[in-house]
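Per the working numbering, residue 16 is the first one in the sequence shown, and the count goes up by one each step.
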Amino acid sequence: MAQDFVVSLDVRNSAQTEPGWANTVASNGSTYGYRYTGGADGAGNVVEQGRGNATITVNLIADSNYYEMHDVGFADDPEGQLSKKSLDTLKVEIKDKNDKVETNAYYSITVKDKVANCTLVCDPRVSNTN
Numbered sequence: 016m017a018q019d020f021v022v023s024l025d026v027r028n029s030a031q032t033e034p035g036w037a038n039t040v041a042s043n044g045s046t047y048g049y050r051y052t053g054g055a056d057g058a059g060n061v062v063e064q065g066r067g068n069a070t071i072t073v074n075l076i077a078d079s080n081y082y083e084m085h086d087v088g089f090a091d092d093p094e095g096q097l098s099k100k101s102l103d104t105l106k107v108e109i110k111d112k113n114d115k116v117e118t119n120a121y122y123s124i125t126v127k128d129k130v131a132n133c134t135l136v137c138d139p140r141v142s143n144t145n
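Printed below as a string of structure tokens:
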């Protein structure tokens, strides 16, 4: 049976040192902090195998005056299991088309800072392996 996952992504325009936060360098050279919550492990990661297809809904927890979802990308997905189902400014839906084993596939969300006019990549893990 398919299982759907809900993930939240919080973004801050400075480096973060609190547990659960990761830092990344944006396209303008500035450091941003981000944190995923939800998913299968509470940290935005998803492990899906043996339950059919799944949808991962990622909600951006940020002020839409400043931030928006810009794109979603996939890595280490040679079987093409993951695909973008929909994308709007504060939400993206990712489809995992079946439970075929993947080798640590990743989805990454690119967020745009509309004020600083830059983008940053935030990436948790999606896996169909045990």
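Glycine included, C-beta positions come from ideal geometry on N, C-alpha and C.
Item: Can you tell which of T46, Y47, V61 has the C-alpha that lies nearest to the C-alpha of G53?; Value: V61
Item: Around the C-beta of I76, are 16 or more other C-beta atoms found within 10 angstroms, so that it is buried, or is it exposed?; Value: exposed
Item: Which same chain residues end up closer than 8 Å to S42 when comparing Cβ atoms and leaving out the 5 residues on each side of it in sequence?; Value: C133, T134, L135
Item: What is the rounded straight-line gap between the Cα of Y122 and the Cα of V26?; Value: 17 Å
Item: Inspect the beta-carbon positions of A55 and F20 and report whether they are closer than 8 Å.; Value: yes
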